[in-house]
Amino acid sequence: MTTEPALSAVPALNRAGQLEMYRRATRVMPGGTDSNFRAWGEDTIYVDRGQGGLVWDVDGNEFVDLRMGYGPVILGHGDPRVDDYVNERMRKGVSFSLTSEDEVRTIELICELTGWVDQARMTVSGTEATMHAMRIARAYTGRNKIVKFEGQYHGVHDYALISVGPDDMSELGDADNPVRLTWGRGIPEQVADTIIPARYNNIEFLRRLFEREGDDIAAIIVEPVLGNAQGIMPEPGFHQAMRALTEEFGILLIFDEVKTGFRFARGGAAEFFGITPDLATYAKAMGNGYPAAAFGGRDEVMSVLPDHVSHGGTYAGNRVAAAAAVATLRILRDTDALASIHQVGRSLQAGLAEVISERGLPYVFTGHPAMFGIMFTEQAPTEYRDWANSDHDLYDAVAMGMHARGAMPEPDSREPWFICEAHAREDIVDRVVTIFADSLDAALEARAKGDMRGVEASQWSMAGAPASAGTPTA
Ligand SMILES: Cc1ncc(COP(=O)(O)O)c(C=O)c1O
Numbered sequence: 007m008t009t010e011p012a013l014s015a016v017p018a019l020n021r022a023g024q025l026e027m028y029r030r031a032t033r034v035m036p037g038g039t040d041s042n043f044r045a046w047g048e049d050t051i052y053v054d055r056g057q058g059g060l061v062w063d064v065d066g067n068e069f070v071d072l073r074m075g076y077g078p079v080i081l082g083h084g085d086p087r088v089d090d091y092v093n094e095r096m097r098k099g100v101s102f103s104l105t106s107e108d109e110v111r112t113i114e115l116i117c118e119l120t121g122w123v124d125q126a127r128m129t130v131s132g133t134e135a136t137m138h139a140m141r142i143a144r145a146y147t148g149r150n151k152i153v154k155f156e157g158q159y160h161g162v163h164d165y166a167l168i169s170v171g172p173d174d175m176s177e178l179g180d181a182d183n184p185v186r187l188t189w190g191r192g193i194p195e196q197v198a199d200t201i202i203p204a205r206y207n208n209i210e211f212l213r214r215l216f217e218r219e220g221d222d223i224a225a226i227i228v229e230p231v232l233g234n235a236q237g238i239m240p241e242p243g244f245h246q247a248m249r250a251l252t253e254e255f256g257i258l259l260i261f262d263e264v265k266t267g268f269r270f271a272r273g274g275a276a277e278f279f280g281i282t283p284d285l286a287t288y289a290k291a292m293g294n295g296y297p298a299a300a301f302g303g304r305d306e307v308m309s310v311l312p313d314h315v316s317h318g319g320t321y322a323g324n325r326v327a328a329a330a331a332v333a334t335l336r337i338l339r340d341t342d343a344l345a346s347i348h349q350v351g352r353s354l355q356a357g358l359a360e361v362i363s364e365r366g367l368p369y370v371f372t373g374h375p376a377m378f379g380i381m382f383t384e385q386a387p388t389e390y391r392d393w394a395n396s397d398h399d400l401y402d403a404v405a406m407g408m409h410a411r412g413a414m415p416e417p418d419s420r421e422p423w424f425i426c427e428a429h430a431r432e433d434i435v436d437r438v439v440t441i442f443a444d445s446l447d448a449a450l451e452a453r454a455k456g457d458m459r460g461v462e463a464s465q466w467s468m469a470g471a472p473a474s475a476g477t478p479t480a
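Spelled out as structure tokens, the structure:
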């Protein structure tokens, strides 16, 4: 009797402890986690510890971490240069709702590294930072509306959850007249009505929009690259044209640098693309994983604070976050950490490119070597809607295979891989390339046999996302 050869063996991870924890957690936490984005059903990961570029789950499985907490851990987990400074500071007490020197140092460092921010304030999260930047823009201009791009994510406040990331592009509406697609229930229509979705890399769309309603548009908020769609890059001249157009119509330009800040360059994406925005938001890389964030901008725009706009927060600039920011930003300023991160990203891309080319598949790398995506497609994407045309089922299968083999990218092709300084250590790059090659082969073999098991993207990532509801913009 002959039997069909089994598909290339996928190593089975021990997940017994995590399954038990999932069942325990779901009794008291919706989805068993503190964030929809981590709610992966029975595949939900419960973490034990991280060190450098590695992470271990509570069952003891070891992974090369390519998520790095969705980007903040730019140096590596447990970096003693940051942790020791934080520990020293926190022994003096953590919460005073008074201002410490480390807060002042943090903002001085932001001003120095960006070269264009004159004034800034700390917040605890990127969500808060974008929320405050939008309010400042409205207060400064006296206008109500904010333009945001489809597929861009600016956090979980009501003004940000419009046209973020549906799987089905038809939910975004007609390309020339996109709908305001609220992500989940609970967002008042009146709030949604103040946000205008636009299409990234489409300057003509913006011009028409500004000519029609520019008088009531306070700002455009933009992730300089589509950080939540594989880091899709601007076409040459797009940011420059957008900067010129916003100036022409008296509209402020907000760079949401929560993912790109202090990662693309010391001065973030603004430096990388040679743009001077009016306002910017920072978080993630500024604190190597500690909850540090900030918003800031030009003197004149920020001058609406403190007298004319409300901003505060019991934990804003808290000692732990400020100490982490000082230590991290000093390292990024004074060492070649960023150059090393960029080099690791390039080496990794070279290895992956060889693997994919050998198998004759079309692909493009999106984003920057420090934060990049892999799209199986002939055509380089220019906006969120293009993601649908890539072979993301194949990517999802590869990502899940990588997880089983000991490397952890986000199991959704929309989220880029994040590189940290510690990925330069030992054989991490080679390890990831080998794991990627084995996972790609297994996924291709499964596809050839018509057995793409586990390719249920809905089970992963955007998974926890509630259903969307759209309202036409026009
Ligand atoms: C570009 C961007 N803006 C804002 C946010 C929200 O930041 P936080 O999760 O700290 O609230 C994120 C989070 O991923 C982000 O990527």
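Counted the way my numbering counts, the sequence shown spans residues 7 to 480. We put the CB at the ideal spot given by N, CA and C, even for glycine. Just so it is clear, the structure is predicted and the values come from calculations on it, not from any experiment.
Residue i vs residue j beta-carbon contact at 9 Å
i           : j           : result
residue 300 : residue 135 : yes
residue 389 : residue 157 : yes
residue 374 : residue 243 : no
residue 441 : residue 412 : yes
residue 339 : residue 118 : yes
residue 128 : residue 331 : yes
residue 326 : residue 34  : no
residue 259 : residue 221 : no
residue 335 : residue 60  : no
residue 139 : residue 351 : no
residue 383 : residue 399 : no
residue 165 : residue 307 : no
residue 261 : residue 276 : yes
Among the options, the one whose alpha carbon lies nearest that of residue i
i           : options               : result
residue 120 : 292, 416, 312 and 254 : 292
residue 281 : 196, 248, 206 and 235 : 248
residue 290 : 383, 256, 255 and 233 : 233
residue 231 : 199, 317, 267 and 217 : 267
residue 201 : 309, 352, 52 and 228  : 228
residue 47  : 58, 24 and 69         : 24
Contact test: residue i Cβ vs ligand 1 heavy atom, cutoff 8 Å
i           : result
residue 169 : no
residue 57  : no
residue 134 : yes
residue 158 : yes
residue 234 : yes
residue 331 : no
residue 229 : yes
residue 98  : no
residue 262 : yes
residue 37  : no
residue 265 : yes
residue 76  : yes
residue 162 : yes
Expected contact under 8 Å - CB spacing of residue i and residue j to nearest Å
i           : j           : result
residue 186 : residue 168 : 5 Å
residue 235 : residue 420 : 5 Å
residue 88  : residue 294 : 5 Å
Contacting residues, own chain, Cβ-Cβ under 6 Å from residue i (five flanking each side not counted)
i           : result
residue 362 : 369
residue 31  : 38
residue 179 : 185
residue 464 : Model confidence at residue 464 stands at a pLDDT of 34, short of 50, so the residue's coordinates are unreliable and nothing is read from them.
residue 159 : 170 and 234
residue 323 : 109 and 128
residue 298 : 292, 327, 330 and 331
residue 126 : 113, 116, 300 and 302
residue 77  : 265, 290 and 424
Cutoff 7 Å; reference residue i; Cβ partners in own chain excluding five residues on either side
i           : result
residue 241 : 207 and 388
residue 343 : 81, 337 and 427
residue 12  : Residue confidence for residue 12 is low, a pLDDT of 42 falling below 50, so the modelled location carries little weight; the figure read from the coordinates is stated next. Closer than 7 Å at the Cβ level, and outside the excluded window around residue 12, lies no residue.
residue 5   : Past the edges of the chain, shown from 7 to 480, lies residue 5, and the structure says nothing about it.
residue 21  : 65
Any non-hydrogen atom of ligand 2 closer than 8 Å to residue i Cβ
i           : result
residue 290 : Summarising the ligand content, the structure contains ligand 1 and does not contain ligand 2.
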